[in-house]
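In the order they appear, the protein sequences are chains A and B.
Basically the numbering used here = 1-based index in the first sequence + 644.
Basically the numbering used here = 1-based index in the second sequence + 548.
Encoded as structure tokens, the structure appears first; notes follow it.
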Amino acid sequence: MKREAKRGPVFTRRALIIGGVQVAAFGALATRLYRMQVEQHDRYATLAQQNSISERLIAPERGLITDRFGTILAGNKQHWRALFMLSEARDPHAVLARFASLIALSDDEMARINHDLAGRPRYIPVMLKDYLDWDDMARIEVNAPDLPGVIVDVGSSRLYPFAPNLAHTIGYVARPSQTEAAADPLLALPGMRVGRSGVERAQDEALRGSPGVSQTEMNVHGQVVRVLNSDPGVAGDTVQLSLDMGMQQLAGQRLQGQIGSAIVLDATNGEILAMASEPSFDPALFDKGVPETQWKAWMGDKQHPLTDRSTSGLYAPGSTFKPTVALAALDCGAITGATIFNCPGYFKLGNHTFYCDLRTGHGDMNVVSAIQQSCDVFFYRTALAAGIEHIAAMAKRLGIGTDLGVDLPGVLPGQVPDREWARKRHITWVQGNTVVQGIGQGYTTVTPISLATMAARIATGVAVGPHITRRIAGVMQQGAVAAEYPSLGLDERHLALVRQGMFEAVNTQAGTAYAARLTLPGVAMAGKTGTAQVHNDTAAEEVANFNFANVPYDERPNALFVCFAPIEAPRYAAAIIVEHGIWGAQSAAPIAHDLMTYALTRDPAGRDTPIGPRLSEAGLAPVLP
Amino acid sequence: MIAGGRRPFHDRSFGLVRKFLRINWLFVLCVCALAGVGYAALYSAAGGSPTPYANDQIYRFFAALMMMLAIALVDIRIIARLAWPAYAGGVVLLILVAAIGHVGLGAKRWLDIGGAHIQPSELMKLFLALALAAWFQRASHERVGHPLFLIPAALAILVPVGLILKEPNLGTAVITAAIGGAIMMAAGVRWWKFALVIALVAVVAPIAYHHLHGYQRQRIETYLHPGQDRLGAGYNIIQSKIALGSGGMWGQGYLHGTQNQLDFLPEKQTDFVFTIIAEEFGFAGSIVLLGLLFSIVAMALYTALRSRHQFGRLVALGIGMNFFLYVFVNLAMVMGLIPVGGVPLPLISYGGSALTAVMIGFGVLMSVHVHRDVEFSQDEF
């Protein structure tokens, strides 16, 4: 009981202090209640009445998307629309019937309006008709007394100044579905859009913003007498991309009329400077709703214009895979810089013969000259010596067949086979499978973005991750600093051999891409061509005087090119794919030449114009009907 | 040996009936009155209908009332022995929430067990009060000042607070910390130690904030200022203030509140239930309700002061503090004084999780009241 002697009184004292605080807190609440309910009653009573001074929520302006120098890639333009304030109409269905007699409404529109009328909280207005013209507006205004609750106001729709050049990368927005609108009241506001693909989808949350409130005084007929207070809300954040619009346009122009993809990365931090995919489409169509005929045309188009080839097109890498195979073999010790394989023009394994592109043979080849001249036989033997496991592991280290964490939706990783992969698919892996891996044929598939990543990683020896978002509301996002990326842990001497081979491929007469060498003084690029077959039948090509130009278009090989520059301190890396372009040197390398020339003369990497979150207030000039 | 010369409680062979009669029936009456007010408010919230809220809630209340009375008859020393196991169980549940919890409203707070939603942070507040009370029950006045004695107690507070913060549920985390702090204060921890902790938090918080990434800071900003969110909390608070203010002295009459009946408040049956009473019964009705709520807090403090063992005192104080904080945070939010949301008005708001947790706490409180004179042996707690 001794311990009770002192702590009892201490408890009593302190408990009474705590009790005193509680009394004071209740006192404060009561005082506040008195002030609000008794002293300020008149003010609040008026406000309550004036919930016929109606508060209407306004959809916020969607955030802008800009390139790294502030060029607007996605903005908003304004148009007229008719909204219906449920709280102001005593008989909404009668009003709706009168409205429909003035303005033509389709059955679909009627169904949507009726659905909204049934299920909306009263403070969220219902959209009656979007994109009004002058005649419609005049008819509504003249009949205003008969249309209580109907108001005409300005809405905004998405504007893509550079469509369709950027359609895949920026993506598009569309009206939220009924289920989405039911789940999030913000989306139920008329005029709200959700991002459905590309950056619009990846950064949807930042772009949305938060809604504003407009206080309007209504008369007994539900007509707006005056606007008391209008708060436009907070516009969505400006999303600044790493793209350089000039380079992007150049990429689009150079691909025009062909099918393929072109990507330029900042090799030191993986920022995407240009990313084009052709053919393309007009993203603005999704904002209003795609006409059914257009949709059917897209679906029926064999060239799949809606597909973003840059991130989800799967291609055999062809010879652009050879630097990876070389690094795998060097890394596991299967070959060294001094290893020489003789190329007689073919390679026999068992009773199967694998041919080199050069039927007469390259003679004695080391790893540098084999990359320079794209000797197939050297890489058949190198792949066999290294083994498929090492090749697969190196490919994944360089960014192929693995999730790169790109901040865009729908990015495919591609695939690199290994024994585990084959076992799961019940494929009996034979040595011949490994041999063709050496020249990037067979089961390996890459996306252009992973190929560009491979080029950047070989160029820098650092595990850079490709990404496109640079700043949101002016705040620099993760991934912009080169030091954030870990080293690949590859032997510098091995990397030097492969880079030397790629340098000689572009800058020596014997190289496969000599014609695409840079003509700028004092700067050189390194690269690797590729020609990847799209069908498995090679027998035809063994005929003398065979010419791809004579085969049907769909069966011609794809042309590929990867490169980086400047050779001494790589800053830019690129990957180009032209479907059915036949020779990488002929179709893909010239595009890379132009893009690299642009990149090196303008040098956009590491520079930007920081855009604050307030740019959207300036917006684009309103375009009213 | 026995203070005041009275015989210890356990020596009088009290049967269940005597225990039952020792329950503070005035307290039970006040609890039932509050549930009655809740029924009326929910009836009005549904536009003058017992469904879907009012009947549902009153059935839950009766079940919880039975549970409360049952717990009241359990010997407080048995409850004391269960304090630490309950605390450990609570922490495990919180970790489970973090691992597999249900994501609702952007935070992981709920756990699905056998189809029932439970929110472990609600129970954790009670378990923390029990555990701390058990800890300080063993302490003499001198020992309370010893750092080696205080550090485990501080850790016992920090672990659940940290886990609740991670959910993230800032409101409940602050309430939990405040309950822990109140118990330590009542146990006799020196004032300057509290000052030290507060000073430390004041110094560390800005530094920690400074070291966060830009996007993490943005997230915290949005959490602290829901008022910018016009469709959510911001809209509700504007409408809730209008409802309160338009009530006036005597109110607009039951079932005649315009804000309420015209559906200007989307969540009026849960966090904003007070506005219904305030609008329809005015300042007069609000003050009666405030008085009822205060009587609960006051009677909890009375039970704490009457208890002759430290465990009972501290537990009763902690439970009273929990109820007080619920009420204060909810009402301050409804009146637009503080921005933090997500705290219901206990016994009035629609919903089962908070009701059950509060009634279990009241059961323990009544057990303290019934067993206020028992003697804890030196080692027993």
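Note that beta-carbon positions come from the ideal geometry of N, C-alpha and C, so glycine has one too.
Just so you know, these numbers come straight off a predicted model, no measurement behind them.
When DSSP labels each residue in this structure, what does residue i get in the three-state scheme?
{"i": "GLY729/B", "result": "helix"}
{"i": "ILE1221/A", "result": "strand"}
{"i": "PHE1022/A", "result": "helix"}
{"i": "ARG725/A", "result": "strand"}
{"i": "THR1046/A", "result": "coil"}
{"i": "ARG1063/A", "result": "helix"}
{"i": "VAL864/A", "result": "With a pLDDT of only 43 at VAL864/A, under the threshold of 50, the placement of this residue in the model should not be trusted; the figure read from the coordinates follows. Three-state result, VAL864/A: coil."}
{"i": "ALA656/A", "result": "The residue you asked about is not Ala; residue 656/A is Thr in the sequence shown. Of the three classes helix, strand and coil, the one that applies to THR656/A here is helix, per DSSP."}
{"i": "HIS996/A", "result": "strand"}
{"i": "ALA1184/A", "result": "Confidence is the limiting factor: at ALA1184/A the pLDDT is only 47, short of 50, which leaves the residue's position unreliable, though a coordinate-based value still follows. Helix at ALA1184/A."}
{"i": "GLY654/B", "result": "Bear in mind that a pLDDT of 48 at GLY654/B, under 50, signals an unreliable position, so the model cannot answer this."}
{"i": "GLY793/B", "result": "helix"}
{"i": "GLN859/A", "result": "strand"}
{"i": "ARG700/A", "result": "strand"}
{"i": "SER688/B", "result": "coil"}
{"i": "ALA818/A", "result": "strand"}
{"i": "GLY663/B", "result": "No answer about GLY663/B holds up, because its pLDDT of 44 lies below 50 and its placement is not dependable."}
{"i": "PRO1254/A", "result": "coil"}
{"i": "VAL922/B", "result": "coil"}
{"i": "TYR1129/A", "result": "coil"}
{"i": "PRO1269/A", "result": "Only weak support is given to the placement of PRO1269/A: the predicted model assigns it a pLDDT of 32, under 50, and the question is left unresolved by the model."}
{"i": "SER874/A", "result": "strand"}
{"i": "GLY714/A", "result": "coil"}
{"i": "SER854/A", "result": "strand"}
With respect to the alpha helix (DSSP H) encompassing residue i, which residues constitute its N-terminal and C-terminal limits?
{"i": "GLY833/B", "result": "822-854"}
{"i": "SER901/B", "result": "901-918"}
{"i": "ILE712/B", "result": "695-714"}
{"i": "VAL565/B", "result": "564-570"}
{"i": "ASP1038/A", "result": "For the record, residue 1038/A in the displayed sequence is Met; it is not Asp. Taken as a continuous stretch (DSSP letters only), the alpha helix (DSSP H) holding MET1038/A covers 1032-1041."}
{"i": "TRP939/A", "result": "936-944"}
{"i": "VAL745/B", "result": "739-758"}
{"i": "SER745/A", "result": "736-746"}
{"i": "SER753/A", "result": "Reading the sequence as shown, one finds Glu at residue 753/A and not Ser. It spans 751-763 - the alpha helix (DSSP H) in which GLU753/A sits, taken as one unbroken run."}
Grab the span of the beta strand (DSSP E) containing residue i for me, first residue to last.
{"i": "ALA588/B", "result": "It is not in any beta strand (DSSP E) - ALA588/B instead sits in the alpha helix (DSSP H) that spans 573-593."}
{"i": "SER921/A", "result": "916-922"}
{"i": "SER800/A", "result": "794-803"}
{"i": "SER1094/A", "result": "It is not in any beta strand (DSSP E) - SER1094/A instead sits in the alpha helix (DSSP H) that spans 1092-1104."}
Going by the DSSP bridge assignment, what does residue i pair with across the sheet?
{"i": "ARG1115/A", "result": "GLN884/A, MET1120/A"}
{"i": "LYS1172/A", "result": "VAL1206/A"}
{"i": "LEU676/B", "result": "LEU676/B is not bridged to any residue."}
{"i": "LYS773/A", "result": "ALA726/A"}
{"i": "PHE609/B", "result": "Looking at the DSSP assignment, PHE609/B forms no beta bridge with any residue, so it has no partner."}
{"i": "CYS987/A", "result": "GLY1007/A"}
{"i": "GLY719/A", "result": "LEU803/A"}
{"i": "ALA906/A", "result": "ALA920/A, ILE1220/A"}
{"i": "TYR959/A", "result": "VAL1090/A"}
{"i": "VAL838/A", "result": "ALA818/A"}
{"i": "SER897/B", "result": "SER897/B pairs with nothing; no bridge assigned."}
{"i": "ILE709/A", "result": "ALA718/A, VAL883/A"}
Determine which residues of the stretch 833-845 of chain B have a Cβ less than 7 Å from any Cβ of chain A, and write them out in chain order. SER834, ILE835, LEU838, PHE842, VAL845
Are at least three pairs of beta-carbons, each pair with one atom in the stretch 1096-1111 of chain A and one in the stretch 1059-1076 of chain A, less than 8 Å apart? no
Counting pairs of Cβ atoms below 8 Å between the stretch 992-1005 of chain A and the stretch 1123-1136 of chain A, do you hit three or more? no
Any chance the stretch 1079-1092 of chain A sits against the stretch 1027-1044 of chain A, with 3 or more Cβ pairs inside 8 Å? yes
Name, going along the chain, the residues of the stretch 874-890 of chain B whose beta-carbon falls closer than 8 Å to a beta-carbon of chain A. PHE876, LEU879, ALA880, MET883, LEU885
Say whether the stretch 685-695 of chain B touches the stretch 714-731 of chain B, bearing in mind that this needs 3 or more beta-carbon pairs closer than 8 Å, one atom from each stretch. no
Cβ-based contacts, 8 Å cut-off: residues of the stretch 784-807 of chain B near chain A: ILE786, LYS789, ILE790, ALA791, LEU792, GLY793, SER794, GLY795, GLY796, MET797, THR806, GLN807
Please list the residues of the stretch 659-690 of chain A that have a C-beta atom closer than 7 Å to any C-beta atom in chain B, keeping them in chain order. ALA659, ILE662, GLY663, GLN666, ALA669, PHE670, LEU673, ALA674, ARG676, LEU677, TYR678, MET680, GLN681, VAL682, GLN684, HIS685, ARG687, TYR688, ALA689
Scan the stretch 1033-1066 of chain A for residues whose Cβ lies nearer than 7 Å to a Cβ of chain B and list them as they occur along the chain. none
Segment contact flag, the stretch 701-717 of chain A with the stretch 824-834 of chain A, C-beta cutoff 8 Å, min 3 pairs: yes
For the stretch 906-916 of chain B against the stretch 822-832 of chain B, are there 3 or more C-beta pairs whose distance is under 8 Å? no
In the stretch 1085-1118 of chain A, which residues sit with their C-beta less than 7 Å from some C-beta in chain B, listed in chain order? none
Measuring CB atoms only, is the stretch 917-930 of chain A touching the stretch 802-812 of chain A, in the sense that at least three cross pairs come out at less than 8 Å? yes
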